[in-house]
Amino acid sequence: MPKSSTRTIVNALLTVLKVEQLSKSYLRLHFRCEKPLEVDPLWICPHVKLLFAEPTTGEITFPKLDENNKIVVNDKIRKLARSYSIRHYDAVTNQLVIDFVIHPTGLASVWAQQAKAGDQIGLVGAASKLAYHQQNLVLIGDVSAVPAISYTLENLPAQAKVQAFLAVNDKSDILPLSFSADFKVTWLVANSHQPDEFIEAIKGANIPNSSDLFFWGGMECNLARLMRQTLKDIYRDLSPDAIHIISYWREGYAEGEFKHRD
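Note that this note's numbering has the sequence shown beginning at 364, numbered continuously upward.
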């Protein structure tokens with residue numbers, strides 16, 4: 364009788380190597396990871412779970428497996444954990460790059476703004492629910508999802524069919540991308556006088572419908588809900604599985620206080 368597969372967790376410490384101020388909205392942190400990560404370059408918008416130290420003790424608590432081989436995540440871990448996109452990973456040097464969006468408050472943002480070489484946080488593995496399988500990709504993201512989409516654009520095969528729509532807070536957030544393929548990337552800068560500009564850009568994009576069309580998006584919760592409905596209205600014959608829009612964050616809420624697929 365075949366044995367059931369055993370789940371494993373990659374619990375590791377990340378050590379800060381360098382901090383860069385990329386733009387008005389982004390800080391780039393370079394880390395050394397104490398353990399190798401399994402990162403497939405063809406994953407669509409992969410992420411890691413970062414674990415921050417408990418403020419009073421400085422202790423980093425990692426999840427464990429119980430006797431049933433299930434991951435145990437208690438309230439303490441959940442309170443101090445945040446999901447972040449992989450911006451770059453070098454399997455040879457075992458170095459990881461993560462771009463943090465800067466906010467005045469928030470556990471991860473405040474930590475990143477105070478971080479210096481030698482500081483440490485925890486990490487739990489690397490993952491993605493989706494991979495590139497020659498789909499006709501349309502990638503849509505606000506400032507929070509730009510790092511994830513940038514990673515995907517830079518790792519897709521040159522022959523891939525892909526369009527990307529990226530909405531950022533400031534012109535300085537339009538960061539250079541390193542790919543040689545003929546991908547179509549549209550940048551939008553937030554305009555308080557045109558709050559629906561992002562939705563209107565998708566409506567006016569004239570994206571051809573096809574059996575291999577696939578939408579991936581990451582953005583604020585309310586915008587994600589509206590984006591999902593907009594795409595369903597335009598592409599009525601498209602399978603629901605071909606529209607994957609994630610709520611990366613929600614105005615006024617910390618991670619864990621809302622559903623990413625709400």
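Glycine is no exception: its CB is placed at the ideal position from the N, C-alpha and C atoms. Keep in mind that this is a model prediction, so the values were computed, not measured.
With a beta-carbon spacing of about 17 Å, Gly-469 and Val-411 fall beyond the 8 Å limit used to define contacts. Excluding its 5 nearest sequence neighbours in each direction, Glu-383 has C-beta neighbours in its own chain below 6 Å: Arg-391, listed in chain order. With a threshold of 16 other beta carbon atoms within 10 Å, Arg-450 meets it and is buried. In the three-state reduction of the DSSP assignment, Asp-536 falls in the helix class, which pools H, G and I. Distance from the Cα of Val-464 is smallest, within the candidate group Ala-508, Asp-604, Leu-400, Gln-458, for Ala-508. The beta carbon of Ala-553 lies closer than 6 Å to those of Asn-532 in the same chain, with the five residues before and after it left out. Counting other Cβ atoms within 10 Å of its Cβ, Thr-515 reaches 16 or more and is therefore classed as buried.
Under DSSP, Trp-406 shares a beta bridge with Ala-494. For Thr-515, the enclosing alpha helix (DSSP H) stretches over residues 509–518. Taking a cut-off of 8 Å on C-beta distances, the region 517–525 does not touch the region 430–440, as fewer than three cross pairs fall below it. Close CB contacts of Ala-375 within its chain, under the 6 Å cut and outside five residues either way in sequence, are with Cys-396, Glu-397, Lys-398, Leu-486 (chain order). In this structure, DSSP gives Asn-499 an extended state, which the three-state scheme calls strand. Straight-line spacing of the CA atoms in Asp-462 and Ala-494 works out to 21 Å. With a 10 Å radius around the Cβ and a threshold of 16 neighbouring Cβ atoms, His-496 comes out exposed.
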